[in-house]
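**Student:** Supplied in structure tokens, the structure appears directly below.
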Amino acid sequence: MTIALVTGATQGLGLALVEGLAQRLRPTDTVYLTGRDAEKVAAAVQHVPGNGAEVRGELLDVADPGAAAKLAAQLEERHGGVDIVFGNAVMRVGPRDDPPAFIDTYTEVNNFGTTRLLRAFAPLLNDNGRLIVVASSLGTLRQLAPVLHRRFTEPSSLDEVDEQIAHWRDEVKDGRARAGAWPGFANIPSKIGQVAAVRVLAQERRETDLARGVLVAAVCPGMINTPTSALWWDVSTAPTPAQAATALLDLALDPLEPRHYGELVRHGEVVPFS
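Count along the sequence shown starting at 1, add 4, and that's the number in this note's numbering.
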């Protein structure tokens, strides 16, 4: 029996990942569709076509400091472990949104939510398990001024990555980020922080995980035609969420490629962090 979980799964790419997993897995398998709104979770579960794996809705607000650990404990009690986890929860912002006004919630969801998920579910991975964080090609150091690189290359633990994100958050709030070397687009440091967190966790677990066939990685789905992306770019010719999900599902379900371990992967190829 395969146990899979997707965060941020009530719409867009997250919902497409649930649908794809349900189609590719067996009726005896279970896919957990999670989100922070009970009504949206229930509606999304009803949206998923049948005849595949069982899809179960669960509440999970990754911004809640204890929520990921609580759900992980519940799944461990029910199933003993998990096989596939996609970390896809994200706070979406538009070009007119003011970073100092949204940065607290933004980092709680996108960054601290990611590290909470990694801490909670990495210990539950079964042999041949997959723990994949949906990030972006913006999550590389080439997008960042060199003077800031050490903020994301020196941390050796998830706590230290969180500390760097907290420093950036505070600099955004008090105006130092705008006056300094940080990019104005908040998505860049946030995605770099996500990829850095994956790399740090992978460094801790690499030898044991590879021996067990386990993959820990970040993934870039590329540009997707969604209403949120359309606020920023022309996405009229971009893939749909279902189309974009295909490469991510392949990464989760195909045999392990050791070169992908701990890296940012886009369409099967490693995107160098630096």
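Ideal placement from N, C-alpha and C gives every residue a C-beta, glycine not left out.
In this text the structure is predicted, and so the values were computed from the model without any measurement.
Can you list the beta strand (DSSP E) stretches of 3 or more residues lying completely in the segment 166 to 253, in chain order?
**Tutor:** List check, beta strand (DSSP E) in window: 219 to 223.
**Student:** Go ahead and label N92 buried or exposed: buried means 16 or more other beta carbons lie within 10 angstroms of its beta carbon, across all protein chains shown.
**Tutor:** Reading the sequence shown from its first residue, position 88 is the one you call residue 92. By the 10 Å Cβ count, N92 comes out buried.
**Student:** In the structure shown, what three-state DSSP assignment does F156 receive?
**Tutor:** Locating residue 156 in the sequence shown gives position 152, where the first residue counts as 1. In the structure shown, F156 sits in a helix (DSSP, three-state: H, G or I).
**Student:** In terms of alpha-carbon separation, which member of L121, N130 and P187 lies closest to H143?
**Tutor:** Here residue 143 corresponds to residue number 139 of the sequence shown, with the count starting at 1. For the record, residue 143 in the displayed sequence is Gly; it is not His. Nearest option by C-alpha distance: P187.
**Student:** Given the structure, does L64 come close to the ligand PLP, in the sense that its CB is under 7 Å from one of the ligand's heavy atoms?
**Tutor:** The model depicted lacks the ligand PLP and carries no ligand whatsoever.
**Student:** For A200, does the count of other Cβ atoms within 10 angstroms reach 16, so buried, or fall short, so exposed?
**Tutor:** Taking the first residue of the sequence shown as 1, we reach residue 200 at position 196. By the 10 Å Cβ count, A200 comes out buried.
**Student:** Can F156 and Q168 be called in contact, C-beta distance under 8 Å?
**Tutor:** As a working mapping, residue 156 is identified with position 152 in the sequence shown. As a working mapping, residue 168 is identified with position 164 in the sequence shown. Their beta carbons are under 8 Å apart, which means F156 touches Q168 by this criterion.
**Student:** Nearest by alpha-carbon distance to P53: which of R28, F189 and A126 is it?
**Tutor:** Here the question's residue 53 lines up with position 49 in the sequence shown. Considering only alpha carbons, the answer is R28.
**Student:** Buried or exposed for H171, going by 16 or more other Cβ atoms inside 10 Å?
**Tutor:** For this step, residue 171 is matched to residue 167 along the sequence shown. By the 10 Å Cβ count, H171 comes out exposed.
**Student:** What residues are listed by DSSP as bridge partners for T144?
**Tutor:** On the sequence shown, position 140 is the one that residue 144 refers to. In the DSSP output, where bridge partners are listed per residue, T144 has none listed.
**Student:** Whose C-beta lies closer than 6 Å to the C-beta of V97 among residues of the same chain, with five residues either side of it excluded?
**Tutor:** Your numbering for residue 97 matches position 93 in the sequence shown. Result list for V97: F106, in chain order.
**Student:** Going by the DSSP bridge assignment, what does V137 pair with across the sheet?
**Tutor:** Reading the sequence shown from its first residue, position 133 is the one you call residue 137. The partner list for V137 (beta bridge, DSSP) reads G91 and A222.
**Student:** The beta strand (DSSP E) that contains V275, what's its start and end?
**Tutor:** Sequence index remark: in the sequence shown, residue 275 carries index 271 (1-based). Its beta strand (DSSP E) spans residues E273 to V275.
**Student:** Please name the residue, chosen from I88, R209, E267 and D102, that lies closest to A181 on a Cα-to-Cα basis.
**Tutor:** Taking the sequence shown and counting its residues from 1, one reaches residue 181 at position 177. The residue with the shortest Cα to Cα distance from A181 is D102.
**Student:** What are the boundary residues of the beta strand (DSSP E) that includes Y36?
**Tutor:** Residue numbering aside, residue 36 sits at position 32 when the sequence shown is read from its first letter. Where Y36 is concerned, the enclosing beta strand (DSSP E) stretches over T34 to G39.
**Student:** Considering just the uninterrupted stretch of the beta strand (DSSP E) at V151, what are its terminal residues?
**Tutor:** Against the sequence shown, residue 151 aligns to sequence position 147. From DSSP, V151 is part of no beta strand (DSSP E); its letter is neither H nor E.
**Student:** Between V204 and L162, how many whole angstroms is the CB-CB distance? I'm expecting something under 8 Å.
**Tutor:** Translated into the one-based positions of the sequence shown, residue 204 becomes position 200. Translated into the one-based positions of the sequence shown, residue 162 becomes position 158. V204 to L162, Cβ: 6 Å. Contact.
**Student:** CA-CA distance, P193 and R123?
**Tutor:** Your numbering for residue 193 matches position 189 in the sequence shown. Your numbering for residue 123 matches position 119 in the sequence shown. Each residue's alpha carbon lies about 21 Å from the other.
**Student:** At what residue ranges does the segment 38 to 119 contain a whole run of the alpha helix (DSSP H), taking only runs of 4 or more?
**Tutor:** With a minimum length of 4 residues, the continuous alpha helix (DSSP H) runs that stay inside the segment 38 to 119 are 42 to 51, 71 to 83 and 103 to 111.
**Student:** By alpha-carbon positions, which one of V113, V269 and S240 ends up nearest to R173?
**Tutor:** By 1-based counting over the sequence shown, the position of residue 173 is 169. R173 has its Cα closest to that of V113, out of V113, V269 and S240.
**Student:** Kindly confirm or deny that the segment 211 to 222 and the segment 129 to 145 touch, where touching means at least three C-beta pairs closer than 8 Å.
**Tutor:** Because the criterion of three Cβ pairs below 8 Å is met, the segment 211 to 222 and the segment 129 to 145 touch.
**Student:** From this set, P243, T250 and G217, which residue's C-alpha is nearest H264's C-alpha?
**Tutor:** Position 260 of the sequence shown, counted from the start, is the residue given in the question as residue 264. When each option's Cα is compared against that of H264, the closest is G217.
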